[in-house]
Ligand code: SF4
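Numbering (my numbering), first residue to last: 357 to 574.
Here it is, written out as structure tokens:
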């Protein structure tokens with residue numbers, strides 16, 4: 357789909373100002389370009405204390421900042437309160453992905469996003485987390501709506517960013533921009549479980565900071 361063919365997106369209530377929770381450049385690239393194409397004024401809110409270790413966190417954040425700067429999009433770099441994330445994850449270390457630990461993880465990130473939206477006058481918040489086919493979109497949307505609910509005048513926009521070619525464009529943009537390509541969801545437990553899976557397949561463990569998206573050879 358070309359830029360000209362992109363549908364015009366209308367956030368809830370026709371709002372023109374949106375706070376976009378972003379986890380990384382690959383997941384937010386398509387969401388960012390889709391909103392830009394629709395003339396939506398948005399700010400990126402980067403709050404991901406789940407990402408472990410620090411080097412991986414910095415890699416993901418720096419890629420996201422690089423792309424935001426390229427498009428002139430404001431970027432809010434929020435806290436890395438990982439101790440609180442680990443505290444909340446206690447007892448859920450062996451939960452599978454998409455389970456209770458992930459609900460906690462989405463809730464923590466979205467609660468902070470909703471508070472920032474409320475304090476800074478954003479009528480709508482959304483997230484790129486659901487664009488990944490590895491994620492349970494209903495689980496993410498439930499967290500988003502739960503987070504926005506306490507604040508009058510704040511809505512969570514549960515737009516399906518995968519549809520209309522969004523999932524394919526996410527990969528195209530990642531290759532075009534040669535984004536850092538993370539190989540696990542983000543937390544210490546997803547790193548452990550992904551490495552375990554790779555070991556069972558006879559593959560090398562993840563080497564942080566080494567894999568980048570590449571354009572397909574012509
Ligand atoms: S697997 Fe991903 S979503 Fe689930 S707790 Fe870990 S970082 Fe959060």
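Yeah, the Cβ is synthetic: ideal placement off N, Cα and C, and Gly gets one too.
These figures come from a predicted structure and were not determined experimentally.
Residue 572 sits in coil when the DSSP states are folded into three classes, being neither helix nor strand. Within the chosen limit of 7 Å, the ligand SF4 does not reach the beta carbon of residue 568 with any heavy atom. By the CB criterion at 8 Å, residue 379 and residue 485 fall inside the cutoff.
Inside the stretch 359-400, DSSP marks whole alpha helix (DSSP H) runs of 4 or more residues at positions 381-393, from first to last along the chain.
A distance filter of 5 Å between CB atoms and the heavy atoms of the ligand SF4 selects the following residues in sequence order: 406, 453, 457, 458, 461, 541, 542, 543 and 546. With distances taken between CA atoms, residue 390 lies nearest to 362 out of 571, 555, 362 and 536.
In the DSSP annotation of this structure, residue 478 is not part of any alpha helix (DSSP H), being labelled neither H nor E. With distances taken between CA atoms, residue 526 lies nearest to 487 out of 487, 461, 480 and 393. Taking all protein chains in view, the Cβ of residue 534 is surrounded by fewer than 16 other Cβ atoms within 10 Å, so the residue is classified as exposed. Annotated three-state conformation of residue 437 is coil, per DSSP.
For residue 406, there is no enclosing alpha helix (DSSP H), as DSSP gives it neither H nor E. Distance check between residue 537 and each of 562, 549 and 552 places 562 closest, using alpha-carbon atoms only. Residue 546: member of the alpha helix (DSSP H) spanning 544-556, first to last residue. If the five residues before and after residue 554 are omitted, its C-beta is found closer than 8 Å to the C-beta atoms of 560, 561 and 562, all from its own chain and listed in chain order. The Cβ-Cβ distance between residue 373 and residue 506 does not fall below 8 Å. Nearest Cα to residue 497 within the set 466, 510, 450 and 524: 466. Residue burial is scored here from C-beta neighbours: residue 430 has fewer than 16 other C-beta atoms within 10 angstroms and is therefore classed as exposed. Note on geometry: alpha-carbon atoms of residue 518 and residue 524 lie some 8 Å from one another.
An exposed status is given to residue 452, since fewer than 16 other beta-carbon atoms sit within 10 Å of its beta-carbon. The alpha-carbon of residue 450 is positioned some 8 Å away from that of residue 545. In the DSSP annotation of this structure, the continuous segment of the alpha helix (DSSP H) that includes residue 413 starts and ends at 410-427.
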